[in-house]
Amino acid sequence: MTEETSVMSSNKRRKIDVSPQKPRLSAFAARQALKSKTGSPQSPARQNESCTTSIINGPEDPVGSVLEIAVPTNSPILLDHATTQNGINFGLDTNPSLAEGSPTTSYESRAGSSDVLLRRPAVSLSSFKPTKGNVKDIGASSFRLKLAPGERLVIVGQYELSVMAGRITLMGATLHPSKTAHQVFAASSHSLPVLRCLSTDVDSAEIVLRNCKTGLEGLEKLSPLFGRLWSSQPGPFGADYEDVVPMSQNSTFRILFSSKLDLQSSYLQPLVSPPEWNLLLSKLSEPADKRRIIMICGPKSSGKSTFTKLLCNRLLSEATPNKAPSQGIALLDLDPGQPEYSPPGQLALLHVQSLNFGAPFSHPIPCGKSKIIRAHFIASTSPSSDPGLYMTCALDLFSHYRAMGSAVCDCPLVINTPGWVFGTGLEILVDMIGRGKPTEVIYMSQDGPPEVVATLREATVSAQFLTLPSQVSEYTTRTAAHLRTMQAMSYFHLSSDNTEVLRWGGKPLTSIPPWEVRYSGEDPGILGVMCYGEQPPPELLAETINGSLVAVIVIDDMSAIPGRDNDQEEGYVGSPTQEEHFDAEIRVLDHSHEPRQFEEPRILSTPAEQIPYFNPANSITLDPRYSHSIGIALVRGIDVRGRRIQLLTPIAPNVIEKVHELGKKIVLVSGKLDTPGWAYTEELNMKISQDKAAEKLSIRTAESEEDELNMDDEDAEDNEDPETAREIDRQRNAGDGYQDAPWIERLDGSKGRGIGSRVWRVRRDLGRVGDGGD
Numbered sequence: 001m002t003e004e005t006s007v008m009s010s011n012k013r014r015k016i017d018v019s020p021q022k023p024r025l026s027a028f029a030a031r032q033a034l035k036s037k038t039g040s041p042q043s044p045a046r047q048n049e050s051c052t053t054s055i056i057n058g059p060e061d062p063v064g065s066v067l068e069i070a071v072p073t074n075s076p077i078l079l080d081h082a083t084t085q086n087g088i089n090f091g092l093d094t095n096p097s098l099a100e101g102s103p104t105t106s107y108e109s110r111a112g113s114s115d116v117l118l119r120r121p122a123v124s125l126s127s128f129k130p131t132k133g134n135v136k137d138i139g140a141s142s143f144r145l146k147l148a149p150g151e152r153l154v155i156v157g158q159y160e161l162s163v164m165a166g167r168i169t170l171m172g173a174t175l176h177p178s179k180t181a182h183q184v185f186a187a188s189s190h191s192l193p194v195l196r197c198l199s200t201d202v203d204s205a206e207i208v209l210r211n212c213k214t215g216l217e218g219l220e221k222l223s224p225l226f227g228r229l230w231s232s233q234p235g236p237f238g239a240d241y242e243d244v245v246p247m248s249q250n251s252t253f254r255i256l257f258s259s260k261l262d263l264q265s266s267y268l269q270p271l272v273s274p275p276e277w278n279l280l281l282s283k284l285s286e287p288a289d290k291r292r293i294i295m296i297c298g299p300k301s302s303g304k305s306t307f308t309k310l311l312c313n314r315l316l317s318e319a320t321p322n323k324a325p326s327q328g329i330a331l332l333d334l335d336p337g338q339p340e341y342s343p344p345g346q347l348a349l350l351h352v353q354s355l356n357f358g359a360p361f362s363h364p365i366p367c368g369k370s371k372i373i374r375a376h377f378i379a380s381t382s383p384s385s386d387p388g389l390y391m392t393c394a395l396d397l398f399s400h401y402r403a404m405g406s407a408v409c410d411c412p413l414v415i416n417t418p419g420w421v422f423g424t425g426l427e428i429l430v431d432m433i434g435r436g437k438p439t440e441v442i443y444m445s446q447d448g449p450p451e452v453v454a455t456l457r458e459a460t461v462s463a464q465f466l467t468l469p470s471q472v473s474e475y476t477t478r479t480a481a482h483l484r485t486m487q488a489m490s491y492f493h494l495s496s497d498n499t500e501v502l503r504w505g506g507k508p509l510t511s512i513p514p515w516e517v518r519y520s521g522e523d524p525g526i527l528g529v530m531c532y533g534e535q536p537p538p539e540l541l542a543e544t545i546n547g548s549l550v551a552v553i554v555i556d557d558m559s560a561i562p563g564r565d566n567d568q569e570e571g572y573v574g575s576p577t578q579e580e581h582f583d584a585e586i587r588v589l590d591h592s593h594e595p596r597q598f599e600e601p602r603i604l605s606t607p608a609e610q611i612p613y614f615n616p617a618n619s620i621t622l623d624p625r626y627s628h629s630i631g632i633a634l635v636r637g638i639d640v641r642g643r644r645i646q647l648l649t650p651i652a653p654n655v656i657e658k659v660h661e662l663g664k665k666i667v668l669v670s671g672k673l674d675t676p677g678w679a680y681t682e683e684l685n686m687k688i689s690q691d692k693a694a695e696k697l698s699i700r701t702a703e704s705e706e707d708e709l710n711m712d713d714e715d716a717e718d719n720e721d722p723e724t725a726r727e728i729d730r731q732r733n734a735g736d737g738y739q740d741a742p743w744i745e746r747l748d749g750s751k752g753r754g755i756g757s758r759v760w761r762v763r764r765d766l767g768r769v770g771d772g773g774d
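For the sequence shown, UniProt numbering gives the first residue as 1, with consecutive numbering after it.
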């Protein structure tokens, strides 16, 4: 792999169809929406099988247009003229009627009106009241606060936290005085961390809050999904306490005292841990006779990830000044849809040594002392796509945890599982319990289903089976698909220079030089391309992977490729004896025990591009015992003449260099990950943001000119600011259209559209009698 400066536009086109009209809400639908507030939450709208995403606009856009990103085999992107008027709005205003799990249907969410919007009552957030005696401005946007026992702080934004005296609790962790500065990412898309001085303490706690800018806030210009996540008001204490601390315009955080402060904070909610959770967390953090293996399972949206985060922080912070520091914990993250430290579609075994005070998109890779021990790519956000592959990868990760010499073999293990608890998903959980032999199995629901609970309880013969109440968030502002997109965007915009402290870049991916990987000729950079799931024919492979996400898989031993012997790769350096270190009781079973005939050639070349392609007729997957994932990449384009594939990835160059130094091969794996529509619209969103900035600058300039209307014409001409005029022209020219955006073609009216391409809408009130029908 070599990094080049040339950027090649892709031949692949995507289609964006923006409908400018919003379906009206009939009287019957309005009444049903009002009645449904007492009903059970319904499943959110999600991407369908044809990879079409419908994203609803929020209250700021009265038109309520729907943005659909479709991926046909051979079609350009179509961008309606309505987009230039209303902008591409992903509807991320904090409206609970548009939230995942809200008690309205997706149609009613699109057509929901303010008449039926239920306002959440105001709640008290922070009990701490700033005074000149407990707040000290120490300069550089830093403040020293003194919290009395029992006082709490709820803060939105990004900040650094240091404990100077006493002790505080934050997201399950107990923090003592130290020189360590903890980064906290309190985003409005998730429940906000509560910083508390325990009421049982005698002494007050003193903390220091500092500004923290990592570049993550810059992603708002690239996607509305990152809009309104952080502090939206100037000053860390607000206008109510301006006499204590003067208003500041450059604060990256804000203390919330009441949810009535503004529209944004009216839907913010603090992180609440039920008493049953606290009791079990305290019990699990006590010393045990043997190493703990804690498995957490339960239905979707039941609080598994939240409880896992609280538990990990509790275990990591058990070390006090009088005790030896913690050796860390092992985290086996088996949720490919919402991973904590990985991009979507990946399972990982991690050695966690740093406290976690942020949403997953604030750490798409582990940083600081935390490291990934081993990771596998299943090419999907759900284990249902290939349960066999999922189980094999999970067991291999568990085998590495138990292996002698592993960095985490002496650490307690926490296993987080996906929310698939029915059918095959339940069989996977039972199999994992039987093979992993956890000491505790925690089921995150006390409402059943009874058959699932009974089956899991029966499987935990030698373990303790516990149930906890679910923690369902009623006022979520992002769906599961939104969070996956944010995780992927955060991953690809990471700066790969330093993994000790994560930093993000705010440039569109289209402006970043890609890696150019030679796929044929002498010493190619990849062994080939493999597809999991659907197997496109060779002539369509380039169209399939161009503009999509692929995993970068390292082949540790050629046995990873079914049907290929080690002696076929002369001089290959592998590690065939690593399985000898695995515990035989949980050793991954060889699923190829029956003889199988493979089509020849095993690796063929595509007709036009000559890309090495694992024969789709064989439909194979890599054996996770002899391979591992090092990250994912976005295919930027394919240089047919130069026989190179262009990749955008945050994988550090030294990681790639180490792979080549060891003589190992790399395979690119394509699968069923979400279509990266966010990458296609980043430049458009950037230009829209620049247009808005230029418009605001023009308004400010016009307002300042009104103050000079009484001046003479000569004086006004002498006082013109040429720098301001040039800045306005520069920003206007920066966002003057969409003609230069790659992957996208702007079509006005019926240009480029076939007959019947217009979306047909069905009236829902046909045949109704009176107001609401029968």
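Every residue, glycine too, gets a C-beta built ideally from N, C-alpha and C.
Keep in mind the model is a prediction, meaning the values are calculated, not measured.
In the three-state reduction of the DSSP assignment, tryptophan 515 falls in the strand class. Counting only runs of 3 or more residues that sit fully inside the segment 610-697, the beta strand (DSSP E) segments are 612-614, 627-639, 644-648 and 665-670, in chain order.
In the three-state DSSP reduction, methionine 295 falls in the strand class (E or B). In the DSSP secondary-structure assignment, tyrosine 443 is bridged to Cys297 and Thr467.
Between the alpha carbons of glycine 405 and serine 399 lies a distance of about 12 angstroms. For serine 223, the closest C-alpha among the options Leu684, Pro524 and Lys146 is that of Leu684. If the five residues before and after phenylalanine 237 are omitted, its C-beta is found closer than 7 angstroms to the C-beta atoms of Pro130, Val244, Val245 and Ile255, all from its own chain and listed in chain order. Annotated as proximal: serine 317 and threonine 174, with beta-carbon spacing under 8 angstroms. Checking the DSSP bridge columns, you'll see valine 550 partnered with Ala633 and Ser670. Comparing alpha carbon positions, the residue from Gln487, Ile433 and Pro193 closest to glutamine 464 is Ile433. The beta carbon of leucine 331 sits closer than 6 angstroms to the beta carbons of Leu350, Val352 and Val414 from its chain, once the five residues preceding and following it are set aside; these are given in chain order.
Ranked by how close their Cα comes to the Cα of lysine 658, the residues Glu599, Val554, Val669 and Leu225 have Val554 in first place.
For a cut-off of 8 angstroms, the C-beta gap from isoleucine 378 to glycine 345 is around 6 angstroms, short enough to register as a contact. With contacts defined as CB atoms closer than 8 angstroms, alanine 679 and leucine 502 fail to qualify as a contacting pair. Counting only residues of its own chain and dropping the five nearest sequence neighbours on each side, glutamate 220 has a CB closer than 7 angstroms to the CB of Phe226 and Gly227. Below 8 angstroms, too few C-beta pairs join the segment 417-424 and the segment 351-369 to call them touching: fewer than three. A direct Cα-Cα distance of roughly 41 angstroms separates methionine 558 from serine 302.
With a minimum length of 3 residues, the unbroken runs of beta strand (DSSP E) contained wholly in the segment 395-420 fall at 413-416. Between the segment 202-211 and the segment 138-152, the count of C-beta pairs closer than 8 angstroms reaches three or more; the two stretches touch. Looking at the backbone, the Cα of cysteine 312 and that of alanine 288 are separated by about 16 angstroms.
Ser204 is the residue among Pro538, Asn134, Ser204 and Gly218 whose C-alpha sits nearest the C-alpha of glycine 166. In the three-state reduction of the DSSP assignment, glycine 133 falls in the coil class. The continuous alpha helix (DSSP H) containing glutamate 543 extends over residues 541-545.
Residue environment for asparagine 356: buried (at least 16 other C-beta atoms within 10 angstroms of its C-beta). Non-local beta-carbon contacts of proline 438 in its own chain, meaning distances under 6 angstroms to residues more than five positions away in sequence, involve Ile293, Met295 and Ala463 in chain order.
For valine 669, the number of other beta carbons within 10 angstroms of its own is at least 16, and it is reported as buried. Every beta strand (DSSP E) stretch that sits fully inside the segment 303-376 and reaches 3 residues is listed by chain position as 329-333 and 346-352.
Contact annotation, leucine 483 with proline 612: C-beta distance approximately 35 angstroms; criterion of less than 8 angstroms not satisfied.
Nearest C-alpha to glutamate 682 among Pro601, Gly133, Val163 and Gly505: Gly505. Counting only residues of its own chain and dropping the five nearest sequence neighbours on each side, histidine 628 has a CB closer than 8 angstroms to the CB of Arg374, Ala375, His376, Ile553, Val554 and Asp556.
Inclusion of valine 194 and leucine 281 in the CB contact set at 8 angstroms is not warranted, their separation being larger than that value. Residue pairing for lysine 146: DSSP places it in a beta bridge opposite Glu206. Sixteen is the threshold: when 16 or more other Cβ atoms of the shown chains lie within 10 Å of the Cβ of glycine 631, as they do, the residue is buried.
For the pair leucine 456 and leucine 429, the Cα-to-Cα distance works out to about 8 angstroms. Taken atom to atom, the span from the alpha-carbon of methionine 171 to that of glutamate 151 is near 15 angstroms. The shortest CA-to-CA distance from glutamate 427 to any of Gly215, Pro360 and Cys297 is the one to Cys297.
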